[in-house]
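Below is one structure, written out as structure tokens; comments come after it.
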Amino acid sequence: PILLFVLNDASAIQVSITQSLVIALLLAPSVFRYIDRSVLKLLVYGTCAGIPLGILVFIRVDISTLKLLAGISVAFMALTTAGVFERQTGRSGQGFHRGTALGIGTVSGAMSSSLGMPGPVPAAWMITRAFPKAVVRATILMLFVPSYTAALIFQAFTPGLSYDGLSWSLQLLPATVLGVFSGKLLETRIDEDMFKRIITLVLVGTSLILFADLINKHF
């Protein structure tokens, strides 16, 4: 969403996909043992169906619509993180419906190729199903690897990778890698409550920036 605001161009989606794939590949080995494989498998299956749908959305909508969709997605994730939606009680992550997981994966895949944002919906679903934080983080990160890879391949062929997207991806790569390792250092210094407050503020701020930009452009 920040890239959409700063670059103000659909190439921001391709930059986001590229940088996020790098992040996922760097972090995946450290979280591998926490993955819920049954959930991940269903999410990946759904993602395969959703990515082509997302490409159709990406091709057909303008930058303002992309910003609106991104803003809504981020606001939804902020509400989930803040605990607005009711969470399941009982054993963590138990009793989920396979069809629901496939549907969540499909939405995630569509958001991956259209917005470069496959994470909010499956993460929110896992959080409300009371999966442990480490399991949510690991499963979603591992989902990013096939999701972003497939989205990048689809973007390369339809509509094609842009020069601006490739240029920005290369320029931002060192900062992205530095950010990953900085985050790893901070991980042990911030407790879960503080982390949740920071993430909620970042998400709310991001969605407000996108909505304010849209209002400013149209009025």
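So the sequence shown is residues 521 to 739, counted in the working numbering.
Where is the CB? At the ideal position from N, CA and C, for every residue including glycine.
In the three-state reduction of the DSSP assignment, residue 710 falls in the coil class. Pairing residue 545 with residue 593, the inter-Cα distance amounts to about 24 angstroms. Between the alpha carbons of residue 635 and residue 711 lies a gap of roughly 30 angstroms. DSSP places residue 639 in the coil class of the three-state scheme, outside both helix and strand. Scanning its chain for C-beta atoms nearer than 8 angstroms, with the 5 sequence neighbours on each side dropped, one finds around residue 697 the residues 542, 546, in chain order. Just measuring C-alpha positions, the residue of 714, 626, 727 sitting nearest residue 563 is 626. Secondary structure note for residue 570: its alpha helix (DSSP H) is the uninterrupted segment 557–580. Within the same chain, and ignoring the five residues on either side of residue 583 in sequence, the residues whose Cβ sits closer than 8 angstroms to its Cβ are 524, 528, 529, 530.
Exclusion of the five residues before and after residue 680 leaves no residue of its chain whose Cβ lies closer than 6 angstroms to its Cβ.
Shown here, residue 529 sits in coil according to DSSP, grouped into three states, outside any helix or strand. Listed in chain order, the non-local C-beta contacts of residue 655 below 6 angstroms within the same chain comprise 554, 556, local neighbours out to five positions each way being set aside. If you draw a 10 Å sphere on the C-beta of residue 685, you find 16 or more other C-beta atoms in it, and that means buried. Annotated as distal: residue 678 and residue 537, with beta-carbon spacing of 8 angstroms or more.
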